[in-house]
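In what follows, a structure is listed as structure tokens, so that the remarks can point back to it.
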Amino acid sequence: MLSVANLSFERNFQPVFQPLDFTLGGAELLIITGPNGCGKTTLIRLLAGVLTPTHGQVSLNGNRLAWVGHLLAIKDDLSVLENLEFTRQFMAGWVDTRACTATQAVQRTGLHRVRHQLARHLSAGQRKRCALARLLFSTAELWLLDEPYSNLDHEGTALVDQLLADHIAGGGSCVMATHGEHRPAVAQQQSLQLQPGERPI
Amino acid sequence: MTPPAAAPSPARMFFTLIRRDLLLAFRRRGELLFPVIFALVVISLFPLGIGPGPVLLARIAPGVVWIAALLATVISLDSLFRSDFEDGSLEQFLISGHPLPLIVLANTTAHWLVSGLPLVLLSPLLGLWMNLPEQAMGVLLASLALATPILSLVGSIGVGLTISLRRGGQLLSLLVFPLYVPVLIMATGGIMAAVDGLPYGAFLGLLSAGLIASLTLAPFATAAALKISLS
Numbered sequence: 002m003l004s005v006a007n008l009s010f011e012r013n014f015q016p017v018f019q020p021l022d023f024t025l026g027g028a029e030l031l032i033i034t035g036p037n038g039c040g041k042t043t044l045i046r047l048l049a050g051v052l053t054p055t056h057g058q059v060s061l062n063g064n065r066l067a068w069v070g071h072l073l074a075i076k077d078d079l080s081v082l083e084n085l086e087f088t089r090q091f092m093a094g095w096v097d098t099r100a101c102t103a104t105q106a107v108q109r110t111g112l113h114r115v116r117h118q119l120a121r122h123l124s125a126g127q128r129k130r131c132a133l134a135r136l137l138f139s140t141a142e143l144w145l146l147d148e149p150y151s152n153l154d155h156e157g158t159a160l161v162d163q164l165l166a167d168h169i170a171g172g173g174s175c176v177m178a179t180h181g182e183h184r185p186a187v188a189q190q191q192s193l194q195l196q197p198g199e200r201p202i
Numbered sequence: 035m036t037p038p039a040a041a042p043s044p045a046r047m048f049f050t051l052i053r054r055d056l057l058l059a060f061r062r063r064g065e066l067l068f069p070v071i072f073a074l075v076v077i078s079l080f081p082l083g084i085g086p087g088p089v090l091l092a093r094i095a096p097g098v099v100w101i102a103a104l105l106a107t108v109i110s111l112d113s114l115f116r117s118d119f120e121d122g123s124l125e126q127f128l129i130s131g132h133p134l135p136l137i138v139l140a141n142t143t144a145h146w147l148v149s150g151l152p153l154v155l156l157s158p159l160l161g162l163w164m165n166l167p168e169q170a171m172g173v174l175l176a177s178l179a180l181a182t183p184i185l186s187l188v189g190s191i192g193v194g195l196t197i198s199l200r201r202g203g204q205l206l207s208l209l210v211f212p213l214y215v216p217v218l219i220m221a222t223g224g225i226m227a228a229v230d231g232l233p234y235g236a237f238l239g240l241l242s243a244g245l246i247a248s249l250t251l252a253p254f255a256t257a258a259a260l261k262i263s264l265s
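Dropping the structure here:
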């Protein structure tokens with residue numbers, strides 16, 4: 002599904018984390034942990050292909066990505082439903098538009114009551130739910146979740162776990178960066194502790 | 035995880051994105067009208083500033099209308115890609131699997147519909163305001179219709195390069211004005227020729243060539259620039 006070989010990334014000639022090697026198979030979850038600033042988000046962005054590695058390579062073997070990062074890509078001037086419907090139409094052909102409508106997605110994520118409100122009026126947790134709702138349309142094999150539990154209440158945390166369990170049960174994989182204690186109940190679990198990089202002498 | 039329902043549809047993506055951008059522009063109507071009002075104000079200042087002599091105004095009309103259009107475009111460029119860059123939409127577009135140049139072309143088309151097209155439609159009024167002779171009115175309209183898309187497309191490259199900078203807007207104007215000079219020369223040259231009763235077809239032909247060149251090349255340059263800005 003995903004293989005990473007000798008991956009490193011340098012910012013101002015300073016490696017962000019120590020070189021990484023790992024592979025991730027189908028129906029597996031990889032949890033990336035580490036203190037603030039150890040390069041979790043950088044690694045996720047490298048896996049997404051937004052950043053280019055300094056050394057090594059990331060190979061997705063043709064699998065498609067869904068990514069929920071710190072920037073949630075929610076338009077403040079559109080309502081919750083409009084935001085979701087846009088993604089659904091935009092990704093038409095790749096998402097399974099018959100499997101889940103935007104209305105079903107807001108119901109599933111507990112945003113039904115605020116579905117016609119502009120996204121600018123949502124709370125941080127509701128915005129996170131709105132971004133996570135996109136995963137319901139996604140047919141991507143690999144999910145990249147960057148701190149998926151931040152800003153979420155107990156119910157929201159359970160929602161993430163449920164979404165993830167369904168995804169893994171369908172044979173998909175996930176890379177999750179988190180610094181919290183919570184771990185989703187997924188049988189096939191790897192974890193990776195990032196070490197801050199050291200400047201070569 | 036179900037298999038994809040159908041092949042990805044670039045055309046549907048393109049029009050969905052344009053519709054979203056137009057809806058967003060409509061939700062922010064104040065910003066929507068600003069470039070057009072700006073152009074109107076600049077043009078209306080000229081008769082006040084240099085006196086309402088009809089002969090002089092007619093002489094400078096092509097240049098004034100066109101410079102106002104240039105300035106209005108540069109002002110409006112700031113909104114192109116800005117919110118998509120800041121809220122992470124651009125990153126999502128990048129990993130979506132759709133060709134980024136096509137996404138960029140959709141954004142730029144929506145930008146032109148909002149900022150360029152109103153100028154084209156208002157241009158007869160602007161010409162009248164500046165006492166432009168009647169026989170040149172059609173050429174003014176044609177030159178704006180052909181060349182305001184060039185301004186948006188070429189401007190999008192500059193936006194792509196400067197979007198990650200904090201005060202990118204100022205650098206942007208320095209970057210794109212030199213690139214706008216040939217467009218300005220061709221457009222005003224054509225209108226002047228029409229005023230003098232000379233053939234103006236060559237000028238419009240060159241603007242058309244510029245439009246085709248920028249339509250086919252600029253989205254690729256912009257996509258490459260945005261990729262650099264995102265990393």
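Keeping their order, the protein sequence lines are chains A and B. Using our numbering, read the first sequence as starting at 2 and increasing by one per residue. Using our numbering, read the second sequence as starting at 35 and increasing by one per residue. Yeah, the Cβ is synthetic: ideal placement off N, Cα and C, and Gly gets one too. Computed from a predicted model, the values in this text were never measured in an experiment.
- Within chain A, no residue has its beta carbon less than 8 Å from that of B/Leu241; the closest one is some 33 Å off.
- The DSSP assignment places complete beta strand (DSSP E) segments of no fewer than 3 residues inside the segment 56 to 101 of chain A at 56 to 60, 66 to 69, in order along the chain.
- The Cβ atoms of B/Ser263 and B/Ser198 lie closer than 8 Å to each other.
- Taking CB atoms only, B/Glu168 has no neighbour in chain A less than 8 Å away.
- Residue pairing by DSSP places A/Gln190 opposite A/Leu30 in a beta bridge.
- Beta-bridge analysis with DSSP links A/Asp147 to A/Ala178.
- One thing to note: B/Leu206 has its Cβ within 8 Å of the Cβ of B/Leu111.
- No Cβ of chain A is located within less than 8 Å of the beta carbon of B/Thr142.
- Contact between B/Leu185 and B/Val154 fails: their C-beta atoms lie close to 11 Å from each other, not under 8 Å.
- Within chain A, the residues placing a beta-carbon under 8 Å from that of B/Leu51 are Phe91, ordered along the chain.
- Residues of the segment 10 to 40 of chain A with a Cβ closer than 8 Å to any Cβ of chain B: none.
- Within the model, the alpha-carbon separation for B/Leu51 versus A/Ser60 is close to 29 Å.
- For A/Asp162, the three-state secondary structure derived from DSSP is helix.
- Among the bridge pairs identified by DSSP, B/Leu56 is matched with none.
- DSSP, read as helix, strand or coil, puts A/Gln15 in strand.
- Among the residues facing chain B, A/Ala125 is not included, as its CB has no counterpart in that chain under 8 Å away.
- For A/Leu21, the CB contacts under 6 Å within the same chain, skipping 5 residues up- and downstream, are Val5, Leu8 in chain order.
- What B/Arg46 touches in chain A, judged by beta-carbon distance under 8 Å, is Gln90, Ala93, Gly94, going in chain order.
- Residue pairing by DSSP places A/Pro197 opposite A/Phe18 in a beta bridge.
- Taken in chain order, the members of the segment 57 to 83 of chain A whose beta-carbon sits within less than 9 Å of a beta-carbon on chain B are Arg65, Leu66, Ala67, Trp68, Gly70, His71, Leu72, Leu73, Ala74, Ile75, Lys76, Asp77, Asp78, Leu79, Glu83.
- It is roughly 44 Å from the alpha-carbon of A/Ile169 to the alpha-carbon of B/Trp146.
- In the structure shown, B/Leu66 adopts helical secondary structure according to DSSP, grouped into three states.
- Residue-level contact by beta carbon fails for A/Phe138 and chain B, as no gap is shorter than 8 Å.
- About 6 Å separates the beta carbon of A/Leu195 from that of A/Gly40, a gap short enough to meet the 8 Å contact definition.
- The continuous alpha helix (DSSP H) containing B/Asn141 extends over residues 134 to 149.
- With respect to the 8 Å criterion, A/Ile45 and A/Gly63 are not classified as neighbours on the basis of their beta carbons.
- For A/Thr140, the three-state secondary structure derived from DSSP is coil.
- Segment contact: the segment 121 to 139 of chain B against the segment 75 to 94 of chain B, fewer than three CB-CB distances shorter than 8 Å; contact not assigned.
- Spanning the alpha carbons of B/Val108 and B/Gln169 requires a straight line of approximately 29 Å.
- Within the same chain, Ile75, Lys76, Asp77, Asp78, Leu79, Ser80, Val81, Asn84, Arg128, Cys131 come within 8 Å of A/Ala120 by CB-CB distance, once the 5 residues on both sides are set aside.
- Within the same chain, Val193, Ile197 come within 6 Å of B/Phe115 by CB-CB distance, once the 5 residues on both sides are set aside.
- Within the segment 144 to 165 of chain B, not one residue has a Cβ closer than 9 Å to any Cβ of chain A.
- Using a Cβ-Cβ cut-off of 8 Å, A/Val51 counts as an interface residue toward chain B, since at least one Cβ of chain B sits closer than that to its own.
- Going by DSSP, B/Leu249 is part of the alpha helix (DSSP H) stretching over 235 to 264.
- In this chain, the beta strand (DSSP E) harbouring A/Ala6 covers 3 to 9.
- Against B/Gly131, the close residues of chain A are Arg65, Trp95, in the order they occur along the chain (beta-carbon pairs closer than 8 Å).
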